[in-house]
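Number of protein chains: 2
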Amino acid sequence: MTANLAIDLDRSSPVPLYFQVAEQIAEAIRRGDLAPGSRLDNEILLADKLGLSRPTIRQAIQYLVDKGLLVRKRGVGTQVVHGQVKRSVELTSLYDDLRRAGQEPATQVLVLEPRPVLEEIAAILGVPAGSEILYLERLRFAAGEPLAVLHNWLPIGLAKLTAADLEGRGLYELLRGAGVRMRVANQRIGARAATQAEARLLEERRGAPLLTMLRTTYDDQGRAVEHGSHVYRASHYSLEVTLIER
Amino acid sequence: MTANLAIDLDRSSPVPLYFQVAEQIAEAIRRGDLAPGSRLDNEILLADKLGLSRPTIRQAIQYLVDKGLLVRKRGVGTQVVHGQVKRSVELTSLYDDLRRAGQEPATQVLVLEPRPVLEEIAAILGVPAGSEILYLERLRFAAGEPLAVLHNWLPIGLAKLTAADLEGRGLYELLRGAGVRMRVANQRIGARAATQAEARLLEERRGAPLLTMLRTTYDDQGRAVEHGSHVYRASHYSLEVTLIER
DNA sequence: CTGACTCGTTTGTCAGGACATTCTGACCTG
DNA sequence: CAGGTCAGAATGTCCTGACAAACGAGTCAG
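Heads up: the sequence lines are chains Y and S, in that order. Just so we're aligned: the first sequence equals residues 799 to 1044 in this note's numbering. Just so we're aligned: the second sequence equals residues 799 to 1044 in this note's numbering.
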């Protein structure tokens, strides 16, 4: 049963060993070399085969368990999960998601300017009331059709954003490129009817159902780096979320 | 700066030491003894103080980092996150969420019976086509108002569910009580306009925006244990999701 | 005054070992 | 034949020890 998957390690690489192991196991699962339900070698044997210690192997397996690819049970072993595994949730923007899905996203920047911060937004982002923040409003297209209206507020000085940048890439990619390390995001997802203005932008009728998302993203140190209020055409888009209970 | 938080350990308890440590740190954060942004003692010192080894302390801290309560940075230390920390996402049902929010949920069971499985559902749940599964349809109230229409499909024999049980508790609680260990859930969240039938049940107008959720839940071993198709009144409910990037 | 460099601090990675707990399946008993 | 019992196997927890890598601050040279 235990497919003898070949894993080669590069001890001179800066990539941690546990990560090299995890990636190659994940790749084997994706390729189908490790069938769903099949059992992995036990940790000690695996460690022995690869010339690594058990903690390192455990760390690799734990990483994949957290991502939902593997399942461990005491006294039994480690198995590849049965169900088709969806990509675990990641901190990506709509743009990245669409490009991965081959949808050819396009962006039209409607507003990009500093504005006095609204009291409500100041509280969320933790900036002093009365200061200025960057306000951003975009219209997002996929496959030539309007898909969403995106409103964002960002602390000033976080990154130099130009309209040209924003039309070619997603906001998250640009922030990451500027050294912002996002770690936690809070999302509130709801629905409501489209206003006249929204309907016009999205080529829907007034009152058409829209999916709404409020998101606040925090960095490394828990500082808010972005707050967004987005509306999506429900007829063209839905959100996917995967929950994993530890 | 380092608040000398008192942590007492019970080595005779079956609760793992790392978990005892994690819980008490989390409690200190909730109480406010550990202010947001404050630094914890470094791992070695902490281990020394508590008479534990560094890996154990690391495991405790890692657990809290995964939950989004703490932030680690190499060469710097471990800090309590700044932003208000929301409870991390868990595999709970609407019922549990509402009860936690003090909303006094109520349930009316509309249908509870075995039915021949639809081809589409059979594929999702991984049961043979043509077999029977349990079909469940409920109307959920909160604070006396209708909130959602819930449709569920479950493999037969998973748990003995009665209408009486379901009116007093959430589905997830009942499943857990029956020994089902849910681990992964895939959710697709969208929106659409209410049909006439839905509008009548939910006391909305036809065409009112509804939040829709398709969810498939898998257990321990990756077997599907539940599939649900739910619609919520957008005017009364929204979903909250927290993402944490490792 | 500014920029590069060094150094101490702290977390990240890895090794190897020991015992506890839990699950499965085979065996035995009533 | 049904049920409980026990042994083997696997992961869970915890320990000690060591070195590497990254960060921040202070220092020194230009």
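C-beta atoms are modelled at their ideal positions from N, C-alpha and C, and glycine is treated no differently.
Which residues DSSP lists as bridging Val-1039(Y), in chain order: Gln-985(S)
Alpha-carbon spacing of Pro-834(Y) relative to Pro-914(Y), whole angstroms: 54 Å
Cβ-based burial, Phe-817(Y) [other Cβ within 10 Å; buried from 16]: exposed
Contacting residues, own chain, Cβ-Cβ under 7 Å from Leu-1002(Y) (five flanking each side not counted): In the sequence on display, residue 1002(Y) carries Glu and not Leu. The residues are Ala-992, Arg-1031.
Residue closest to His-949(Y), alpha-carbon to alpha-carbon, out of His-1025(Y), Ser-811(Y), Ala-826(Y): His-1025(Y)
Beta-carbon proximity of Thr-1010(S) to Arg-990(S), cut-off 8 Å: yes
DSSP-derived helix/strand/coil call for Pro-853(S): helix
Contacts of Asn-840(Y) in chain S (Cβ-Cβ under 9 Å): What Asn-840(Y) touches in chain S: nothing, since even the nearest Cβ is about 17 Å away.
Contact the stretch 961-981 of chain Y vs the stretch 1031-1042 of chain Y: 3+ CB pairs below 8 Å: no
Residue(s) in a DSSP beta bridge with Asp-1017(S): Met-980(S)
Nearest to Ile-842(S) (by Cα), restricted to the options Ser-836(S), Arg-856(S), Leu-832(S), Asp-831(S): Arg-856(S)
Thr-800(S), buried or exposed, once every other Cβ within 10 Å from all chains shown has been counted against 16: Confidence is the limiting factor: at Thr-800(S) the pLDDT is only 46, short of 50, which leaves the residue's position unreliable, though a coordinate-based value still follows. By the 10 Å Cβ count, Thr-800(S) comes out exposed.
Own chain partners of Val-813(S) with C-beta closer than 6 Å, once the 5 adjacent residues on each side are dropped: none
Contact under 8 Å by Cβ, Leu-862(Y) with Ile-805(Y): no
Three or more C-beta pairs below 8 Å linking the stretch 970-985 of chain Y and the stretch 926-942 of chain Y: no
Per-residue contacts from Ser-1036(S) into chain Y (C-beta, under 9 Å): Arg-986, Ile-987, Gly-988, Ala-989, Thr-1010, Leu-1012
Enclosing beta strand (DSSP E) for Arg-1031(S) [first to last residue]: 1022-1031
Contact belief for Leu-956(S) with Leu-934(S) at Cβ below 8 Å, rounded distance in angstroms: Incorrect: roughly 11 Å between the Cβ atoms, too far for contact.
Same chain, Cβ closer than 7 Å to His-1034(S), neighbours up to 5 away in sequence not counted: Glu-943, Leu-945
C-beta contact flag for Leu-999(S) and Val-947(S) at 8 Å: yes
Cβ neighbour criterion (16 or more within 10 Å) applied to Gln-877(Y): buried
Chain Y contacts from the stretch 1017-1035 of chain S (Cβ-Cβ distance under 7 Å): Asp-1018, Gln-1019, Gly-1020, Arg-1021, Ala-1022, Ala-1032
Contacts that Ile-1042(S) makes with chain Y (C-beta to C-beta distance below 7 Å): Arg-981, Val-982
Proximity test, Cβ basis, 8 Å: Pro-1007(S) and chain Y: yes
is_contact[Gly-977(S), chain Y] using C-beta, thresh 8 Å: no
Min CB distance Val-925(Y) to chain S below 8 Å: no
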